[in-house]
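Protein sequences, first through last, are from chains A and B.
If you count the first sequence from 1, position 62 lands on 62 in the numbering used here, and the numbers rise without skipping.
Convert by adding 108 to the 1-based position in the second sequence; the result is the number in the numbering used here.
All residues carry an ideal CB built from backbone N, CA and C; glycine is no exception.
Here is the structure we will look at.
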Amino acid sequence: MIQHTLGEFEELVLLMVAALHDEAYGVIILESLEEKLKKKVNISAVHVALKRLSDKGFLKSRYGGITADRGGRRKRYYSITALGKRMLDNQYALRTSIYKQIPKISFG
Amino acid sequence: MKAYPPKNAVKFLRWFCMEDYVEEIEGDLTEIFEKEYEISSRKANWKFSWRVIKYFRPEFIRSFKSNHQINHQTMLRHNFLLTFRNFKRYKSSFLINLIGLSTGLACAFLIYLWVSDELSVDQFNKNGSRLFRAMEHRVRATGIWTSPTTPGPLAEALVSDMPEVEYAIPTSWPQPTTLSLNDKNITALGRFAGKDFFNMFTYELIAGDASQVLKDENSVVISDVLARKLFNTTENVVGKSFDYQHESQFMISGIFKSMPVNASDQFEFVGSFEKYKKGQDWLLSWANTGTQTLVLLKPGINVDEFNKKIADYIKVKTKNEITYRTLFLKGYADNYLYGNYEDGVLTGGRITYVRLFSIIALFILLIACINFMNLSTARASRRVKEVGIKKAIGAARKALVVQYLSESMLMSSLSLFVATFIVYISLAQFNIITGKHLIFELDSNRVLLFLGVTVFTGLVAGSYPALYLSGFNPANVLKGRLSSSFGELMARKGLVVFQFAISILFIVSVLVVYKQIEFVQSTNLGYNKNNLIYFNLQGALRDVKIQETMIEEMKRIPGVENASSTNHNMTGHNGGTYGVEWPGKDPEDKTEFERMTVNYDLIETLGMEIAQGRSFSRAFSTDSSAIIFNQKGIDFMGMTDPIGKVVKLWGKDRHIIGVVKDFHYESLHENFKPVFLIVEPNNTYRIMARITAGKEKETLGNVELLFKKTNPGFTFEYNFLDTVYQSQYENEQRVAVLSKYFAGLAILISCLGLFGLAAFTAERRLKEIGIRKVLGSTEIGIVYLLSSDFTKIVFVAIIIALPVSYFVARYWLNGFAFKVQLQAWYFITAGILAMVIAWLTVGVQAIRAARVNPTQCLKNE
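In structure tokens, the structure reads:
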């Protein structure tokens, strides 16, 4: 099996999908990211990341119902897969373990 | 208010984006757009479009490749099979298309053959681009007159004065002459030319050296055909001699191969110009014109600049004596197609007809293509189910386009065969009409061209139906909902209107051309051209006494009503002079009077009418110094009571004894011009005689006996004046005959189309007709119902075509100084004719449809 890697922005999007739990779709992800990052984010960048994450198997999606908003287009809700969760866990563990190795003295 | 994102951006997104993502992306973008719209509508619009463009990246662009492979061979076979089944099933449309397209193609090919032949005239010279003819613009009171005649010494002077000139030669116009060898007399067309003639032109010499053959003044170069006529061979002929006009001997110095038929100058022998000059002193003066001068410039010389240099050459050479003649060079080969000058400006010539017929060919082909389009789209309703099912099982639009295009291509290829056959069998007739020697031979260029035209025709004819049929929405057509939109209907009707407008234009043209020709033939020329013969004075007859005796004896032959001699052939400008002086003449005036030197009785022989005074008479001995003018001449001089007044001609006094009514001596393209007549039997070139109608053969036999007796060794060659008169209108006659045929064809093809459409409409409305009949409609009512639509279409065509044809007709007639008046009935006739033809065509279909038995057509549903 190919070992998938995760880019920085992809990781953020993946985290955000996981955080939004079942309510995550393009625009809400975009807005939450902008709020956290305190800067403008491209919607197309979000979509590209979502597409790549889905291709890698970290995300799955379903369509919501039709509403009068959005020109009658359905929302596509994303949720994290087990694989995605494991990836996030691995990333987190990796970072924490390295973080812990930082000698305290450095910031004296 | 609800906000909508920019339409085009959405369209673009939907077009390029992968299907899986369109929904999500469009939705999200719209949501953002709606939020931003509240803040600023303009910015939101702009941002939306910008964002859409950002999605134009590999991740989201869909694949444009068709995802299933087509087996091309099978598809092709399938297409052909369907095409043939369609042809078989709808035989009438098939035949209509075949006849229409093949006659259209045949017509285009014939015209192509003619046009390419016209364009090839005089193109056979290798030095063609450097070969020129010297011409002159001459200023006259009536405007500038452009003439190909130049003074005799011009060629020699050009060679010695102008370094740009490689060769320049004087030459005479080809004339029929009598040649004799032992007892054999034959008539041959001959000309005289300067010694470099064969260096300039690409006439292939079978024997002799190009620079040597015309060096000796008694040498002559003959054509291979003439050599065979004289000696029955072309071998060992060089060095032999024959008699020319029974007065001098020529020695053959070379033989040239007869020139191609598409050479405008045709002649059988060339003599030396030195010989021609002997005894013709007028050729030595710059004041007289009468020779052609041909010039070969050195390579790289710009003719326009050279023309500027020689513009006042005549003035310089005559030491400012002659100031009204401007010399210029014109491409030798150009003269054939571009030969008409008006007031010193080139106005075209035969090229007009070349262009005209090219346009006609295109139009006829177009009409034929329109038929195909119309019938195919009209028939579309029969085939919508086919299209619907094909599309539903997944046929791509491209495949359908290919199918219909291959159908029309097959149609045009079939038409090509039929057209080739038509061209093959009609070429002989076409040659007679056009006076050409066209041969239908296929070289690779022509094959390519014909194939090209066929493919083009197929594409044009097939494009509209192919795009139209393949564009159906399968869901709609399978439900049986096919509403032809207003636009389509208009397009179909528009095409028929176009066809009929062209046909009406043709009908009017035919009417006008025929009326004008009838007018030309029946117009009173000011003399009676019927039963007039003339023959040239040659040999012994050039002696005035023998000539006078001949005339006297001719008059005694029963059947000869009158005879005389003249310098003028009555069919064109023969020669003029501005040497007429009268009291009050403007010394600067250079208007030429046409000069007629005649014998006594000529006015009576021709049947000219005397307006004032009297004709020449032997009873008055002073008539040798008398002069007669035509009315135009008198008006021009501004005389009120001319009889007895004295004018000077070339410095000598002449008293006016009479005035003849204006008569036409040029074609009716030209207006009347001033003419004078004087009695000078020794300056006449031909005998004219009027013979009694009905006894021509006998009379001519007797005249011939007399001719042979007085002029032994010469053949009696005569012309009827009216035949020569007709030949002035050769071009018009050809246009008349050709436009008659083309009009016929255009109408035929248009009617075929209309016939097809009417048949189709009748078929589609069969049920309606059945119901109408059941409810009590009469047959007439149904015929009216079916034909009223077409009547409207043809009526619109008439309204469009009549003004156009009026302008075209007026333009053509403007070339004539004397012309028929355009009368309303020409146009009314054309309109009614078109309408009647259309009614007949539609009527046949309408009546057939109206007589249908309602039970038959309502039975099955």
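- Flagged as an interface residue toward chain B: A/Asn42, by a C-beta distance shorter than 8 Å.
- For B/Pro962, the secondary structure class from DSSP, reduced to helix, strand or coil, is helix.
- Pairing B/Thr713 with B/Ser775 gives a Cβ-Cβ distance that is not under 8 Å.
- Judged by DSSP in its simplified three-state form, B/Phe780 adopts coil rather than helix or strand.
- In terms of beta-carbon proximity, B/Glu134 lines the interface with chain A, with at least one pair separated by less than 8 Å.
- Within the model, the alpha-carbon separation for B/Ala851 versus B/Leu894 is close to 27 Å.
- C-alpha of B/Val620 to C-alpha of B/Ala917: approximately 7 Å in a straight line.
- Between B/Ser380 and B/Pro256, the alpha-carbon positions lie close to 20 Å from each other.
- Per the coordinates, the alpha-carbon of B/Leu206 lies some 14 Å from the alpha-carbon of B/Leu474.
- For B/Arg170, none of the residues of chain A pass the 9 Å Cβ criterion, the least Cβ distance being about 13 Å.
- Following the DSSP letters along the chain, one finds B/Ile422 in no beta strand (DSSP E) but inside the alpha helix (DSSP H) bounded by residues 421-425.
- Assignment of beta-bridge partners to B/Ile252 by DSSP yields B/Val247.
- By the criterion of a C-beta distance shorter than 7 Å, A/Gly72 is surrounded in its chain by Ile66, once the five residues flanking it on both sides are discounted.
- Per the coordinates, the alpha-carbon of B/Thr542 lies some 26 Å from the alpha-carbon of B/Asn677.
- Counting other Cβ atoms within 10 Å of its Cβ, A/Gly64 stays below 16 and is therefore classed as exposed.
- B/Leu883 and B/Ile890 have their C-alpha atoms spaced approximately 12 Å apart.
- Using a Cβ-Cβ cut-off of 8 Å, B/Tyr163 counts as an interface residue toward chain A, since at least one Cβ of chain A sits closer than that to its own.
- What A/Gly26 touches in chain B, judged by beta-carbon distance under 7 Å, is Glu132, Asp136, going in chain order.
- Between A/Gly57 and chain B, the shortest Cβ-Cβ separation is not below 8 Å.
- B/Phe737 and B/His763 have their C-alpha atoms some 11 Å from each other.
- If you look at A/Ser97, you'll find it isn't in any beta strand (DSSP E); it sits in the alpha helix (DSSP H) that goes 82-100.
- Bounds of the alpha helix (DSSP H) holding B/Arg150 are 149-162.
- Going by beta carbons, B/Gly878 and B/Val960 fall inside the 8 Å limit.
- Taking one beta carbon from each stretch, the segment 291-302 of chain B and the segment 372-386 of chain B have 3 or more pairs nearer than 8 Å; the two touch.
- Taking all protein chains shown into account, B/Lys781 has 16 or more neighbouring C-beta atoms within 10 Å of its C-beta and is therefore buried.
- The Cβ-Cβ distance between B/Pro278 and B/Ala263 falls below 8 Å.
- C-alpha of B/Phe232 to C-alpha of B/Thr528: approximately 28 Å in a straight line.
- Taking one beta carbon from each stretch, the segment 178-196 of chain B and the segment 435-451 of chain B have fewer than 3 pairs nearer than 8 Å; the two do not touch.
- Inter-residue distance for B/Gly439 and B/Val462 is about 19 Å (C-alpha atoms, whole angstroms).
- For A/Asp69, a Cβ of chain B is located within less than 8 Å of the residue's own Cβ.
- Separation of the CB atoms of B/Leu289 and B/Leu338 is rounded to 5 Å, and the pair is thereby assigned contact status at 8 Å.
- Taken atom to atom, the span from the alpha-carbon of B/Asn644 to that of B/Asn827 is near 9 Å.
- Just so you know, the alpha carbons of B/Asn539 and B/Asp697 end up roughly 47 Å apart.
- The alpha carbon of B/Met270 has as its nearest neighbour, out of B/Lys417, B/Lys151, B/Gly316, the alpha carbon of B/Lys417.
- Under the three-state reduction of DSSP, B/Lys499 is assigned to helix.
- Listed as beta-bridge partners of B/Ile795 by DSSP are B/Phe643, B/Ser673.
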